[in-house]
Amino acid sequence: MIRAFLIVLGLIGLVFAAIFMVKAKQFAPAPPMAFPPAAVTSAKADSQTWEQTVKATGTLSASRGVMVSSEVPGTVSEIFFESGQKVEKGDLLISLDDSTEQAQLRAAEASFQLAAVNLKRSKDLLGSRTISQSEFDSAEATASQASAQLEQIKSSIEKKRIVAPFSGTLGIRLVDIGEYISPGTAIASLQQLSPIYVDFSLPQKQLLSADTGYPLEVTIDSYPGASFRGEVEALNPDLDAATRTFRVRGILPNEDGKLRPGMFASVKVVQPEPMEIVAVPSTAIYYQAYGNSVFVIKPAEDGSGSVVEQRFVELGKTKGDFVAVLKGVEPGEEVATAGVFKLSNGRNVVVDNSKAIEASLNPQPDNA
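Numbered continuously in the UniProt record's numbering, the sequence shown closes out at residue 368.
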């Protein structure tokens, strides 16, 4: 009896042991699953020669610009220009009524002629000792006074004719015929648009980045895709004490008159010495708050394909689709350029460049 009980108990124990082993196998942790290789595109880090440039924002201003006005009062009798007209230096713009001055001129001419005749007669009489030296001196002074008065009236008449002080383009006319104007009354703006200036400021740390003669490239949002070239003409010798910036003036040709004073401009100062850099496509950079990195593609140690090595990099300037890498990548190394957000250090990758988009230093829009 006891033997039968022990046999049954042993069988029950074997059943429970078998069940335990099956359940333990079911709940055992699964072996780690290997990620499949990630598909990426790639590019070689390339040694390139880039222009050294400094960027700034500026404002265009006329090389010469004034508000034309009158020196003397008077009534506008004639207008010889239209708003927006181009004029040459000395072109007559308006004339003021000078009828009073013309009458004064005729009287002054008569007085001068009489004084000149009296002076000649006095000179003859002085030679024959008919008059004294003091009488001759009086006649000479009268003639000089008459001459000065005549010139003064001629000058007053000349000032009634307002002319262009230099060649340029006139703005909107601000006076009308018959209008009485006072000295200083604005007649029209006159701007010389070619050449034209671009004024901008640079910070103190870039003091050596601009000098007279350095090339400039200027872009205006009014003319997308267009670039206007000029050069640095002058620099302020002192810095602004509040902003620690210094003023720079560039000069640009503007024969077609596209550039206008007051326009907002993006300015690039090109330095004469280029720099050698290592460049990678900007899509290769994995931007993160704690540091930017790239994934360098290398052969796997076990010969199973390719893996990536994550390297933190120090970045420089950008140009087109490229970014300069100052530290972290050597020329000729292959970096992943697409799908970097899904990569991690040591991840297996498969490179497929069949549909890769080629980076360019001068990218153009699709409809260009």
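Every residue gets a Cβ at the ideal spot worked out from N, C-alpha and C, and that includes glycine.
Near residue 339, what residues of its chain come up, given a Cβ to Cβ distance below 8 Å and the 5 sequence neighbours on each side ignored? Correct list, in chain order: 38, 39, 40, 41.
Tell me, which residues are paired with residue 161 by DSSP? Residue pairing by DSSP puts residue 161 in a beta bridge opposite 95.
Give every residue of the same chain whose Cβ lies closer than 8 Å to the Cβ of residue 176, excluding the five residues on either side of it in the sequence, and list them in chain order. Taking residue 176 as the centre and dropping the five residues before and after it, the same chain places the C-beta of 76, 79 closer than 8 Å to its C-beta, in chain order.
Could you spell out the range, first to last residue, of the beta strand (DSSP E) harbouring residue 53? Residue 53 -> beta strand (DSSP E) spans 53-69.
Presumed contact (8 Å Cβ cut-off) between residue 253 and residue 194, rounded CB distance: Contact holds; Cβ gap of about 6 Å.
By how many angstroms is the C-alpha of residue 342 removed from the C-alpha of residue 330? Between the alpha carbons of residue 330 and residue 342 lies a gap of roughly 23 Å.
Tell me whether residue 353 is buried or exposed, calling it buried when 16 or more other Cβ atoms sit within 10 Å of its Cβ. By the C-beta density criterion, residue 353 is exposed, having fewer than 16 other C-beta atoms within 10 angstroms.
Report back the beta-carbon spacing between residue 335 and residue 284 to the nearest angstrom; my notes put them in contact at under 8 Å. Right, their Cβ atoms sit about 5 Å apart.
Check for me: the beta strand (DSSP E) holding residue 249 runs from which residue to which? It spans 245-252 - the beta strand (DSSP E) in which residue 249 sits, taken as one unbroken run.
Three-state secondary structure (DSSP) at residue 118? The answer is helix: DSSP assigns residue 118 an H, G or I state.
In whole angstroms, give me the CA-to-CA distance for residue 32 and residue 302. The predicted position of residue 32 is uncertain, since its pLDDT is 49 and thus under 50; no value can be drawn from it.
Starting from residue 234, trace the beta strand (DSSP E) both ways and give me its first and last residue. Boundaries of the beta strand (DSSP E) harbouring residue 234: 228-239, taken from the DSSP string.
Assuming residue 111 and residue 146 form a contact by the criterion Cβ under 8 Å, report the distance between their Cβ atoms to the nearest whole angstrom. Yes, residue 111 and residue 146 are in contact; Cβ-Cβ is about 5 Å, under 8 Å.
What does DSSP give as the partner residues of residue 348 in its beta bridges? DSSP lists 307 as partners of residue 348.
In chain order, what residues of the same chain have a beta carbon less than 7 Å from the beta carbon of residue 150, not counting five sequence neighbours either side? Around residue 150, the same chain offers 108, 109, 112 as residues with beta carbons nearer than 7 Å, after the five sequence neighbours per side are excluded.
For residue 218 and residue 226, the rounded distance between their alpha carbons: Using only the alpha carbons, I get a separation of about 9 Å.
With burial defined as no fewer than 16 other Cβ atoms inside 10 Å of the residue's Cβ, what is the status of residue 297: buried or exposed? The residue is buried, with at least 16 neighbouring Cβ atoms inside 10 Å.
Just verifying my parser: in three-state terms, what is the DSSP assignment at residue 47? Residue state, collapsed to three classes: strand.
Out of curiosity, what's the CA-to-CA distance linking residue 361 and residue 318? Annotation: residue 361 to residue 318 spans about 9 Å, alpha carbon to alpha carbon.
Rounded C-alpha distance that separates residue 368 from residue 91: Annotation note: pLDDT 49 at residue 368 (below 50); position unreliable, coordinate value reported separately. Each residue's Cα considered, the two are about 44 Å apart.
Here's the rule: buried if 16 or more other CB atoms are within 10 angstroms of the residue's CB, otherwise exposed. What is residue 117? Classification for residue 117: exposed.
Check whether the stretch 136-145 and the stretch 157-176 touch, using three or more Cβ-Cβ pairs below 8 Å as the test. At 8 Å Cβ cutoff, the stretches do not touch.
How many Å lie between residue 351 and residue 323 at the Cα? Between residue 351 and residue 323, the alpha-carbon positions lie close to 21 Å from each other.
Residue span of the beta strand (DSSP E) that contains residue 192, given as start and end: It spans 186-203 - the beta strand (DSSP E) in which residue 192 sits, taken as one unbroken run.
Residue from 48, 316, 293, 325 whose Cα sits closest to the Cα of residue 310: Per the Cα distances, 293.
Please list the terminal residues of the continuous beta strand (DSSP E) segment that includes residue 217. In this chain, the beta strand (DSSP E) harbouring residue 217 covers 215-219.
Going by other Cβ atoms of all chains shown within 10 Å of its Cβ, with 16 needed for buried, is residue 291 buried or exposed? Taking all protein chains shown into account, residue 291 has fewer than 16 neighbouring C-beta atoms within 10 Å of its C-beta and is therefore exposed.
Once you ignore the five residues that flank residue 358 on each side, which residues in its own chain have a CB closer than 6 Å to its CB? If we look at residue 358 and ignore the five residues flanking it on each side, it has no Cβ neighbours.
Who are the Cβ neighbours of residue 316 in its own chain at under 6 Å, not counting the five residues just before and after it? 324, 326.
Residue 327, enclosing beta strand (DSSP E) - first and last residue: 322-327 is the extent of the beta strand (DSSP E) around residue 327.
So, is residue 197 buried or exposed, given that buried needs 16 or more other C-beta atoms within 10 angstroms? Classified as buried, residue 197 has 16 or more neighbouring CB atoms from the shown chains inside 10 Å of its CB.
Within its chain, find whatever has a CB closer than 6 Å to the CB of residue 126; leave out the 5 residues flanking it on each side and keep chain order. Shown here for residue 126: same chain residues with a beta carbon closer than 6 Å to its own, the five before and five after excluded, namely 136 in chain order.
Option nearest residue 272 by Cα separation, candidates 48, 154, 234, 52: Across the set 48, 154, 234, 52, the C-alpha of 52 shows the shortest separation from the C-alpha of residue 272.
Residue range of the beta strand (DSSP E) that residue 296 falls in? Per DSSP, residue 296 belongs to the beta strand (DSSP E) from 293-299.
Considering only their Cβ atoms, is the gap separating residue 54 from residue 269 smaller than 8 Å? Yes, the pair counts as a contact, with Cβ atoms nearer than the cut-off.
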